[in-house]
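Chemist: Below you will find the structure I want to go over with you.
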Amino acid sequence: MDQFEGQTESPAVDHEQYEGATAEAEQADASGVSPTPEGDESFNAMDIINQMTSREGDEGAEPPAAEASEESESEDEEETTEEEQEEQDKDLPFHKHPRFQEVIAQKNEFKGLAEQREQELNGFKSEVQELFSGLDQQEVMDALEIARLMKSDPQAAFEKLTPVYSRAASLNGHILPDDLQQEVDSGYMTQERAQELARYRAQQEFQQSRDQASQKQRSEQEQQGQQDQVMQEATQGLEALEANWKKGDPDYEVKQGPIFDRFAVLMQQRMAEGQPLKSQQEVLDLAEKAKQEVEQRFAALRPKKKPVKQIRSTSPGATAKAKPQSVMDIINQHTS
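Residue numbers (this note's numbering): 43 to 378.
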């Protein structure tokens with residue numbers, strides 16, 4: 043009996059184990075993990091990890107769709123807002139339209155930059171004028187050429203600098219004139235005394251040349267001022283003269299440009315010769331002269347007309363008949 047009782051108790055234990063295993067299996071199914079018996083050789087921990095991660099991935103894939111829908115909704119709202127804004131802008135006056143306001147703002151910005159650049163340019167011009175004050179165009183070009191040659195061709199720069207150095211040395215008495223050098227060589231004058239006299243002479247010549255240049259500049263400025271005043275006074279006369287030209291010459295529009303160019307050349311020639319225009323009548327006479335020269339040039343270019351030969355008829359029927367004086371004359375003309 044004891045053996046039988048012991049044998050009958052063992053199935054109870056197996057039943058409890060079975061119930062526990064069944065519960066674990068159900069719990070595993072609920073959690074999404076497939077149960078694997080401990081004695082099964084195919085059990086692998088990576089399978090459980092992969093299953094858990096795949097499930098987490100499936101659960102985490104849902105939020106991006108929601109975010110995408112939210113973004114699309116926000117974009118739709120923005121588009122709707124822009125369309126509504128455009129509709130509202132259409133009702134605005136032109137000067138209050140956002141695009142017009144933007145263009146005005148850009149214009150003001152560019153205007154400020156242009157004014158700033160103009161101030162900088164004017165400042166640069168004043169500096170250049172102060173730097174090259176008293177120099178003519180050729181002297182400025184020579185100075186720039188020497189500076190360029192110093193970097194590219196020193197030998198040519200030396201040749202350019204030699205006369206400049208000689209002139210500066212003469213002004214400072216380092217190079218004596220021929221007469222003073224002869225007196226020094228003869229022993230009639232010391233070197234120091236000769237240099238002092240040379241500097242004095244050079245300073246006198248230099249001051250005289252400066253005075254002449256200043257006088258010439260003042261004279262040119264006065265002539266230019268008189269010329270401008272005469273031209274201002276002659277403006278109305280020139281306008282009236284040109285109006286008469288237009289009325290009397292149908293081809294004046296073609297000649298207008300050449301006439302103006304020739305008039306400017308004649309004025310420059312008068313200024314170069316030291317004979318500025320002094321009155322309104324001189325201006326009008328010069329304009330007439332320019333017009334005549336241009337018309338002569340146009341006439342020389344115009345092809346000459348060939349003479350047309352008149353063809354005379356020699357047929358008898360073309361002979362003029364006498365006017366009939368009576369009825370018999372008419373009958374005779376028709377019967378003859």
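Glycine included, C-beta positions come from ideal geometry on N, C-alpha and C.
Remember, it's a predicted structure, so these values are computed and weren't measured experimentally.
Which of helix, strand or coil does DSSP assign to Gly267?
Modeler: Here residue 267 refers to the residue found at position 225 when the sequence shown is read from its first residue. Here Gly267 sits in helix by DSSP.
Chemist: Just the C-alpha distance for Tyr294 and Val325, rounded to the nearest angstrom, thanks.
Modeler: As a working mapping, residue 294 is identified with position 252 in the sequence shown. As a working mapping, residue 325 is identified with position 283 in the sequence shown. Rounded to the nearest angstrom, the two C-alpha atoms are 20 Å apart.
Chemist: Over what stretch of residues does the alpha helix (DSSP H) that includes Lys153 continue unbroken?
Modeler: Locating residue 153 in the sequence shown gives position 111, counting from the first residue. From DSSP, the alpha helix (DSSP H) with Lys153 extends over Pro140 to Leu173.
Chemist: Run the CB neighbour count on Phe305, radius 10 Å, all protein chains shown included, and call it buried at 16 or more, exposed below.
Modeler: Locating residue 305 in the sequence shown gives position 263, where the first residue counts as 1. By the 10 Å Cβ count, Phe305 comes out buried.
Chemist: For Ile301, name the three-state secondary structure that DSSP assigns.
Modeler: By 1-based counting over the sequence shown, the position of residue 301 is 259. It is helical.
Chemist: Which value, in whole angstroms, describes the spacing of the CA atoms of Lys202 and Met183?
Modeler: Indexing the sequence shown from 1 puts residue 202 at position 160. Indexing the sequence shown from 1 puts residue 183 at position 141. The straight-line gap from Cα to Cα measures roughly 12 Å.
Chemist: Indicate the three-state DSSP secondary structure (helix, strand or coil) for Asn286 in the structure shown.
Modeler: Translated into positions along the sequence shown, residue 286 becomes position 244. Looking at Asn286 - three-state DSSP - the assignment turns out to be helix.
Chemist: Please state whether the Cβ-Cβ distance between Leu222 and Ala236 is less than 8 Å.
Modeler: By 1-based counting over the sequence shown, the position of residue 222 is 180. By 1-based counting over the sequence shown, the position of residue 236 is 194. Contact: yes.
Chemist: Going by other Cβ atoms of all chains shown within 10 Å of its Cβ, with 16 needed for buried, is Ala332 buried or exposed?
Modeler: Taking the sequence shown and counting its residues from 1, the one referred to as residue 332 is at position 290. The residue is buried, with at least 16 neighbouring Cβ atoms inside 10 Å.
Chemist: Might you give, ordered along the chain, the residues of its own chain that have their beta carbon closer than 6 Å to the beta carbon of Phe174, omitting 5 neighbours on each side?
Modeler: Residue 174 sits at position 132 when you count from the first residue of the sequence shown. Correct list, in chain order: Val182.
Chemist: By how many angstroms is the C-alpha of Gly299 removed from the C-alpha of Glu335?
Modeler: Counting from one through the sequence shown, the residue named residue 335 turns up at place 293. Counting from one through the sequence shown, the residue named residue 299 turns up at place 257. Rounded to whole angstroms, Glu335 to Gly299 spans 13 Å at the Cα level.
Chemist: How many angstroms separate the CA atom of Gln271 from the CA atom of Gln278?
Modeler: Residue mapping note: residue 271 aligns to position 229 of the sequence shown, counting from 1. Residue mapping note: residue 278 aligns to position 236 of the sequence shown, counting from 1. Their backbone Cα atoms lie some 13 Å apart in a straight line.
Chemist: From Ala341, Glu264, Ala199 and Arg252, pick the residue whose C-alpha is nearest to that of Asp178; which is it?
Modeler: As a position in the sequence shown, residue 178 is number 136, starting the count at 1. Looking at the Cα atoms, Arg252 is the closest of the given residues.
Chemist: Could you check if Pro79 is buried or exposed, using at least 16 other CB atoms within 10 Å of its CB as the buried criterion?
Modeler: For the purposes of this step, residue 79 is identified with residue 37 of the sequence shown, where counting begins at 1. With a pLDDT of 46 at Pro79, under the threshold of 50, the modelled position of this residue cannot be trusted, and the question is left open.
Chemist: Would you identify the three-state DSSP class for Leu319, choosing helix, strand or coil?
Modeler: Taking the sequence shown and counting its residues from 1, the one referred to as residue 319 is at position 277. Three-state DSSP puts Leu319 in coil, outside helix and strand.
Chemist: Residues in the same chain with beta-carbon distance under 6 Å from Ile301, minus the five sequence neighbours each way, listed in chain order, please.
Modeler: Stepping through the sequence shown from its first residue, residue 301 is reached at position 259. Ala332, Lys333 and Val336, listed in sequence order.
Chemist: On the premise that Val226 lies in contact with Leu239, defined as a C-beta separation below 8 Å, what is that separation, rounded to the nearest angstrom?
Modeler: Here residue 239 corresponds to residue number 197 of the sequence shown, with the count starting at 1. Here residue 226 corresponds to residue number 184 of the sequence shown, with the count starting at 1. About 10 Å; that fails the 8 Å criterion.
Chemist: Please classify Pro53 as buried or exposed, where buried requires at least 16 other C-beta atoms within 10 Å of its C-beta.
Modeler: Here residue 53 refers to the residue found at position 11 of the sequence shown. Confidence at Pro53 is low in this model, with a pLDDT of 44, below 50, so the placement of that residue should be treated as unreliable; the coordinate-derived value is given next. It counts as exposed.
Chemist: DSSP on Tyr207, reduced to helix/strand/coil?
Modeler: Along the sequence shown, read from residue 1 onward, the residue named residue 207 stands at position 165. Of the three classes helix, strand and coil, the one that applies to Tyr207 here is helix, per DSSP.
Chemist: Comparing alpha-carbon positions, which option in Asp195, Ala342 and Ala329 lies nearest Leu283?
Modeler: Taking the sequence shown and counting its residues from 1, one reaches residue 283 at position 241. When only C-alpha atoms are compared, the closest one is Ala329.
Chemist: Where does Leu218 sit, in a helix, a strand or coil, going by DSSP?
Modeler: By one-based count along the sequence shown, residue 218 stands at place 176. Note: Leu218 maps to coil in three-state DSSP.
Chemist: Could you give the distance in angstroms between the alpha-carbon of Ala189 and the alpha-carbon of Gln257?
Modeler: As a first step, residue 189 is located in the sequence shown; it is residue number 147 there, counting from the start. As a first step, residue 257 is located in the sequence shown; it is residue number 215 there, counting from the start. Looking at the two C-alpha atoms, the distance is approximately 31 Å.
Chemist: Using the Cα positions of Gln310 and Gly267, report the straight-line distance between them to the nearest angstrom.
Modeler: Reading the sequence shown from its first residue, position 268 is the one you call residue 310. Reading the sequence shown from its first residue, position 225 is the one you call residue 267. Between Gln310 and Gly267, the C-alpha separation is close to 14 Å.
Chemist: Would you kindly work out how many angstroms separate the C-alpha atoms of Arg312 and Gln269, rounded to a whole number?
Modeler: Translated into the one-based positions of the sequence shown, residue 312 becomes position 270. Translated into the one-based positions of the sequence shown, residue 269 becomes position 227. Going from the Cα of Arg312 to the Cα of Gln269 covers about 11 Å.
Chemist: Which residues mark the beginning and the end of the alpha helix (DSSP H) in which Leu191 is found?
Modeler: On the sequence shown, position 149 is the one that residue 191 refers to. Residues Gln179 to Ser194.
Chemist: Helix or strand or just coil, what does DSSP make of Thr78?
Modeler: As a working note, residue 78 is residue 36 in the sequence shown. A caution first: Thr78 carries a pLDDT of 47, below 50, which makes its placement in the model too unreliable to give a value.
Chemist: My output table needs one value for Gly279: the three-state DSSP class, helix, strand or coil.
Modeler: As a working note, residue 279 is residue 237 in the sequence shown. Note: Gly279 maps to helix in three-state DSSP.
Chemist: Once the 5 residues before and after Met273 are set aside, which same chain residues still bring their CB inside 8 Å of it?
Modeler: The count along the sequence shown starts at 1 and reaches residue 273 at position 231. So the qualifying residues of the chain are Leu319 and Val325.
Chemist: Roughly how many whole angstroms lie between the Cα atoms of Gln317 and Glu262?
Modeler: Locating residue 317 in the sequence shown gives position 275, where the first residue counts as 1. Locating residue 262 in the sequence shown gives position 220, where the first residue counts as 1. If you take the alpha carbons of Gln317 and Glu262, they lie about 11 Å apart.
Chemist: Report, in whole angstroms, the separation of the C-beta atoms of Leu213 and Phe248, which I expect to be a contact under 8 Å.
Modeler: The sequence position of residue 213 within the sequence shown is 171, counting from 1. The sequence position of residue 248 within the sequence shown is 206, counting from 1. The pair is a contact, with the Cβ atoms about 6 Å apart (cut-off 8 Å).
Chemist: Quick one: using the 10 Å Cβ neighbour count with 16 as the cut-off for buried, is Ala156 buried or exposed?
Modeler: Your numbering for residue 156 matches position 114 in the sequence shown. Counting Cβ neighbours within 10 Å, Ala156 comes out exposed, since fewer than 16 surround it.
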